[in-house]
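Undergrad: The structure that follows is given in the form of structure tokens.
In my numbering, the protein residues as written are 1 to 146.
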């Protein structure tokens, strides 16, 4: 094997390892990799400190081991954290969640380990408060369970 090929492969392996291990938080529409921050001591948190609609980060697991993180809008209802996703079928993170629903959330610099559960149409209609006679919008809703 040529030395230049060995060097190129070595660089690719180092970049792959770095992408797996070095945090790179998302910013608005730009995705990231592993989320930075320390694991929150209390994983059974009361989400009431989040008021109205808030932006948080969600980290999902990809098939190639490099974490994928994105900025999402969330809200709390009855002490349960929900995340919305508009045009979900066009995005990578819901596909990652469908394959492996274990996620990490970064909220105010702390990390929380959760399970993302995609709500069915009836649950979504109830959470979004849409009457039965109206069509559902193209918004998926995920419940972040502990």
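Backbone N, C-alpha and C define an ideal beta-carbon position, used for all residues, glycine too.
Mapping the DSSP letters down to three states, classify residue 34 as helix, strand or coil.
TA: Along the chain shown, read from residue 1 onward, the residue named residue 34 stands at position 34. If DSSP states are grouped into helix, strand and coil, residue 34 belongs with coil.
Undergrad: Specify the secondary structure class of residue 91 as computed by DSSP and reduced to three states.
TA: Reading the chain shown from its first residue, position 91 is the one you call residue 91. Residue 91 falls in the coil class under three-state DSSP.
Undergrad: If you draw a straight line from the alpha carbon of residue 120 to that of residue 41, how long is it in whole angstroms?
TA: The count along the chain shown starts at 1 and reaches residue 120 at position 120. The count along the chain shown starts at 1 and reaches residue 41 at position 41. Approximately 32 Å, taken between the alpha carbons.
Undergrad: Below 7 Å, is the gap between the Cβ of residue 134 and the nearest heavy atom of the ligand ZN?
TA: For the structure depicted, the ligand ZN is absent and the ligand set is empty, with no information on it obtainable.
Undergrad: Measuring alpha carbon to alpha carbon, tell me which residue in 14, 43 and 30 is nearest residue 105.
TA: Along the chain shown, one-based indexing puts residue 105 at 105. In this structure, 43 is the residue among 14, 43 and 30 with its C-alpha nearest to the C-alpha of residue 105.
Undergrad: Taking its Cβ as the centre, do 16 or more other Cβ atoms sit within 10 Å of residue 68, making it buried, or is it exposed?
TA: Here residue 68 corresponds to residue number 68 of the chain shown, with the count starting at 1. Buried: at least 16 other Cβ atoms inside 10 Å.
Undergrad: Give the DSSP-derived three-state secondary structure of residue 48 in the structure shown.
TA: If you number the chain shown from 1, residue 48 lands on position 48. Helix.
Undergrad: Relative to the C-alpha of residue 93, which residue among 141, 21 and 75 is closest?
TA: The residue labelled residue 93 in the question sits at position 93 within the chain shown. Nearest C-alpha to residue 93: 141.
Undergrad: Across which residues does DSSP place residue 141 in a beta bridge pair?
TA: On the chain shown, residue 141 is found 141 positions in, with the first residue counted as 1. According to DSSP, residue 141 bridges with 84.
Undergrad: If you compare alpha carbons, which of 112, 52 and 16 is closest to residue 145?
TA: Your numbering for residue 145 matches position 145 in the chain shown. Closest by alpha carbon: 112.
Undergrad: Quick one: is residue 77 buried, meaning 16 or more other Cβ sit within 10 Å of its Cβ, or exposed?
TA: To locate residue 77, count along the chain shown from 1; it is residue 77. The residue in question, residue 77, is exposed, as its Cβ has fewer than 16 Cβ neighbours within 10 Å.
Undergrad: Using 10 angstroms around the beta-carbon of residue 26, count the other beta-carbons present and answer buried if the total reaches 16, otherwise exposed.
TA: In the chain shown, residue 26 corresponds to position 26, counting from 1. Answer is buried; the Cβ neighbour count reaches 16.
Undergrad: Expressed to the nearest angstrom, what Euclidean distance is found between the alpha-carbon atoms of residue 75 and residue 16?
TA: As a working mapping, residue 75 is identified with position 75 in the chain shown. As a working mapping, residue 16 is identified with position 16 in the chain shown. So the two alpha carbons sit approximately 34 Å from each other.
Undergrad: Residue 118 to residue 5, Cα distance in whole Å?
TA: Locating residue 118 in the chain shown gives position 118, counting from the first residue. Locating residue 5 in the chain shown gives position 5, counting from the first residue. Looking at the two C-alpha atoms, the distance is approximately 45 Å.
Undergrad: If you reduce the DSSP assignment to three classes, tell me which class residue 148 lands in.
TA: Examination of residue 148 is not possible in this model, given that the chain is present from 1 through 146 alone.
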